[in-house]
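A short worksheet on the structure shown next.
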Amino acid sequence: MKEVINIKNISKYFGKFKALDSVNLNVLKGQKVVICGPSGSGKSTLVRCINRLESHDEGEINVLGHSLTDDRACLESIKSKVSMVFQQFNLFPHLTVIENLTLGPIKALGVSKKEAKERALYFLDRVKIPEQAYKKPNLLSGGQQQRVAIARALCLEPEIMLFDEPTSALDPEMIAEVLEVILDLANDGMTMVVVTHEMGFAKKAADKIIFMDDGKILEENIPSIFFKNPKTNRLKKFLDQVLNY
Amino acid sequence: MKSFKYILVLFFLASLASCSSSSGNWGWYVIDPTTKSGLANIKFLIGGFGATILLSIIAAFISIILGLVVALPGFSNNFFLRSLNRIYVEFIRAIPLLPMLFWVFYGLPVIFQSLGLKIEIDAFWGAVITLAISDSAFTAEIYRAGIQSISRGQREAAQTIGLSQFQAMRYIIFPQALRRILPPLANQFIYIVKMSAFASVIGMQELTRRANEIVVTEYRPLEIYTLLILEYLVLVLLISFAVRWLEKKLGSNESNSN
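Top line first, the protein sequences correspond to chains P and U.
Using our numbering, you'd call the opening residue of the first sequence number 7 and step up by one each time.
Using our numbering, you'd call the opening residue of the second sequence number 800 and step up by one each time.
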């Protein structure tokens, strides 16, 4: 299997605070990696480093064969190949759903308007909300908004999808509909890195689960072992809290 | 709110009218349209609308563009460009309008002359330049506040769908900021209309100048200045209605998520 993300020994500081501490991570093509851990453990920062929303201070990140630097050409080459879904959806409120979906392909990828629209309608169908295409995002429920955000990311036909706590801002009833869509994508072979607290989802979808605390990766394992035989006390405690409530 | 404004105006007019009939202090005859001289006076006074409106519109138009030109470097990563923005805003904002008007009208031609340039500044353009530059510092700050008010998530989302910084500004940030910028920008326009009265001191024939001239000949300051204030009131109310309408059309009061 081809390696699509290779993170070597990266560290990241916010002022004096060490948000990431010598993190190593490999992701193969088609692999689904779930990252969990307590708040402030660096999970989001790690994911945001993969698409250069944050820059790392030490170490090296290689994405799809490109080493990430501030160089324009480098950002240009990974742009739109790594797509992201945010906790807060971040849909563009002044545009309709379909405009949200077609803007990237038309402006960034140079796709024709007609093709971008066809693509958008296809992916809206895929996330099961074709009927909302011409509404403004604020008329949609949280779950629907997040599914639009997923469709928007898919419209760029990325090779890697990053999810940063995609269900954390949702009502409990809407979590399932969003997870279902993500699971569907996972089964389709998309490479994904998902930061989430949904352990049920992790069990079903993950090839590999990573537990982070204090900016470090404490454990990394396949789901069956991860949940049954945690090596560290920190993970035992975390799982006790997450699974029992 | 709307009807409140009308009631206020009516009440004001009614009280003025009653003053004129019950006591001899008021001399509305100076602007009585049924008399020949009164009609001539009214025509002369109202004739100032054109100049005031033209002056304000041109100054506001320049200010809106100049303000954006001044605001954009403020978002740069380059320290030098950011400093340019700060220096311009702080410096221009500190100059009172009247001294600046004198400087432009009386001082600037001297500079032009010493440079051998044959550029003359008449009262109209002197007032336009002064109002536009003075106002642009405020307009620039309005743009800055509006653009900064758009959440970071919007910029990040724009980046993750592959938009360049310029495209993100053009398609995502600015259109959203515009809805928040419009109301304060309209306020600035009202401010310009009112400040255009200063142009009277350099001899421009706008509303205030014309009022002054009639006051001098008729010696009826109370009536003439009352009318003058009402003239500005009408102008400003018209602008605020136009802005309300525009806001509605742009959906400024629509609540935006994020």
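Ideal placement from N, C-alpha and C gives every residue a C-beta, glycine not left out.
All values derive from a computational prediction rather than experimental measurement.
* Asked: What number of angstroms, rounded off, separates the C-alpha of P/Leu26 from the C-alpha of P/Ser61?
  -> Sequence index remark: in the first sequence, residue 26 of chain P carries index 20 (1-based). Sequence index remark: in the first sequence, residue 61 of chain P carries index 55 (1-based). Computed Cα separation, rounded: 11 angstroms.
* Asked: DSSP puts P/Thr197 in a beta bridge; with which residues?
  -> Taking the first residue of the first sequence as position 1, residue 197 of chain P is located at position 191. According to DSSP, P/Thr197 bridges with P/Ile166.
* Going straight from the alpha carbon of P/Asn239 to that of P/Phe217, what length do you get? -> Here residue 239 of chain P refers to the residue found at position 233 of the first sequence. Here residue 217 of chain P refers to the residue found at position 211 of the first sequence. Roughly 12 angstroms separates the two Cα atoms.
* At least one CB of chain P closer than 8 angstroms to the CB of U/Tyr942: is that the case? -> Here residue 942 of chain U refers to the residue found at position 143 when the second sequence is read from its first residue. Judged by the 8 angstroms Cβ criterion, U/Tyr942 is not in contact with chain P.
* What did DSSP end up calling P/Leu101 once you bin it into helix, strand or coil? -> Here residue 101 of chain P corresponds to residue number 95 of the first sequence, with the count starting at 1. Three-state DSSP puts P/Leu101 in coil, outside helix and strand.
* Asked: Going by other Cβ atoms of all chains shown within 10 Å of its Cβ, with 16 needed for buried, is U/Thr834 buried or exposed?
  -> The residue labelled residue 834 of chain U in the question sits at position 35 within the second sequence. That one is exposed.
* Where U/Ile980 meets chain P, residues with beta-carbon distance less than 7 angstroms -> Your numbering for residue 980 of chain U matches position 181 in the second sequence. Within 7 angstroms Cβ-Cβ: nothing; U/Ile980 doesn't reach chain P, min ~13 angstroms.
* To do: Please go through the same chain and pick out, in chain order, the residues whose beta-carbon is closer than 6 angstroms to the beta-carbon of U/Pro908, but skip the five residues on each side of it.
  => On the second sequence, residue 908 of chain U is found 109 positions in, with the first residue counted as 1. The residues are Ile920.
* **Cβ-Cβ separation, P/Ile16 to P/Asn32 (assumed contact under 8 angstroms), whole Å** => Against the first sequence, residue 32 of chain P aligns to sequence position 26. Against the first sequence, residue 16 of chain P aligns to sequence position 10. Going by Cβ atoms, the distance from P/Asn32 to P/Ile16 rounds to 13 angstroms, so no, they are not a contact pair.
* To do: Take every Cβ of the region 987-998 of chain U, pair it with every Cβ of the region 856-872 of chain U, and state whether three or more of those distances are shorter than 8 angstroms.
  => yes
* Asked: Closest Cβ-Cβ distance between P/Pro99 and chain B: below 8 angstroms?
  -> Going by chain labels, chain B is absent from the structure shown, which instead holds the protein chains P and U.
* Can you tell me where the alpha helix (DSSP H) with U/Met1003 in it begins and where it stops? -> Within the second sequence, the letter at position 204 stands for residue 1003 of chain U. U/Met1003 -> no alpha helix (DSSP H), and no H or E assigned at all.
* **Own chain partners of P/Asn68 with C-beta closer than 6 angstroms, once the 5 adjacent residues on each side are dropped** => For the purposes of this step, residue 68 of chain P is taken as residue 62 along the first sequence, with counting starting at 1. If we look at P/Asn68 and ignore the five residues flanking it on each side, its Cβ neighbours are Asn12.
* Contact under 8 angstroms by Cβ, U/Ala985 with U/Val1042 -> The residue given as residue 985 of chain U occupies position 186 in the second sequence. The residue given as residue 1042 of chain U occupies position 243 in the second sequence. For U/Ala985 and U/Val1042, yes; Cβs fall inside 8 angstroms.
* **Neighbourhood of P/Arg58 by C-beta distance below 8 angstroms, restricted to the same chain and skipping five residues each side** => Residue mapping note: residue 58 of chain P aligns to position 52 of the first sequence, counting from 1. If we look at P/Arg58 and ignore the five residues flanking it on each side, its Cβ neighbours are Leu74, Leu81 and Ile84.
* Coil, strand or helix - P/Val117 by DSSP -> For the purposes of this step, residue 117 of chain P is identified with residue 111 of the first sequence, where counting begins at 1. Reduced to three states, the DSSP call for P/Val117 is coil.
* **P/Gly65, enclosing beta strand (DSSP E) - first and last residue** => For the purposes of this step, residue 65 of chain P is identified with residue 59 of the first sequence, where counting begins at 1. Element bounds for P/Gly65: Glu64 to Val69.
* Where P/Glu204 falls: helix, strand or coil (DSSP) -> Counting from 1 along the first sequence, the entry for residue 204 of chain P is found at position 198. Coil.
* Asked: CB-CB under 8 angstroms to U/Ser821, same chain, minus the five flanking residues each way: which ones, in chain order?
  -> The residue you call residue 821 of chain U lines up with position 22 of the second sequence. Reliability fails at U/Ser821, whose pLDDT of 48 lies under 50, so the model's placement of it is uncertain and no value is given.
* Enclosing alpha helix (DSSP H) for P/Cys80 [first to last residue] -> Taking the first sequence and counting its residues from 1, the one referred to as residue 80 of chain P is at position 74. Counting along the chain, the alpha helix (DSSP H) containing P/Cys80 begins and ends at Arg78 to Ile84.
* Under 9 angstroms between beta-carbons, which chain U residues line up against P/Phe92? List them in chain order, please. => Position 86 of the first sequence, counting from 1, holds the residue named residue 92 of chain P. Under the 9 angstroms cutoff, chain U gives Gly952, Glu955, Ala956 and Thr959.
* Asked: By Cβ distance, which residues of its chain are closer than 8 angstroms to U/Leu854, with the 5 residues on each side in sequence left out?
  -> Position 55 of the second sequence holds residue 854 of chain U. Result list for U/Leu854: Phe923, Ala926, Val927, Leu930, Ser995, Ala998, Met1003 and Glu1005, in chain order.
* For P/Lys123, three-class secondary structure by DSSP -> Indexing the first sequence from 1 puts residue 123 of chain P at position 117. Helix at P/Lys123.
* Asked: Do we get a CB-CB distance below 8 angstroms when we pair U/Leu962 with the residues of chain P?
  -> For this step, residue 962 of chain U is matched to residue 163 along the second sequence. It does; some Cβ of chain P falls within 8 angstroms.
* Show which residues of chain U have a CB atom less than 9 angstroms away from the CB atom of P/Arg132. => On the first sequence, residue 132 of chain P is found 126 positions in, with the first residue counted as 1. Here the premise fails: no neighbours, minimum Cβ distance about 17 angstroms.
* Of all the CB atoms in chain U, is at least one closer than 8 angstroms to the CB of P/Asn68? -> Within the first sequence, residue 68 of chain P is the residue found at index 62, counting from 1. Taking Cβ atoms only, chain U never reaches closer than 8 angstroms to P/Asn68, which makes this a no.
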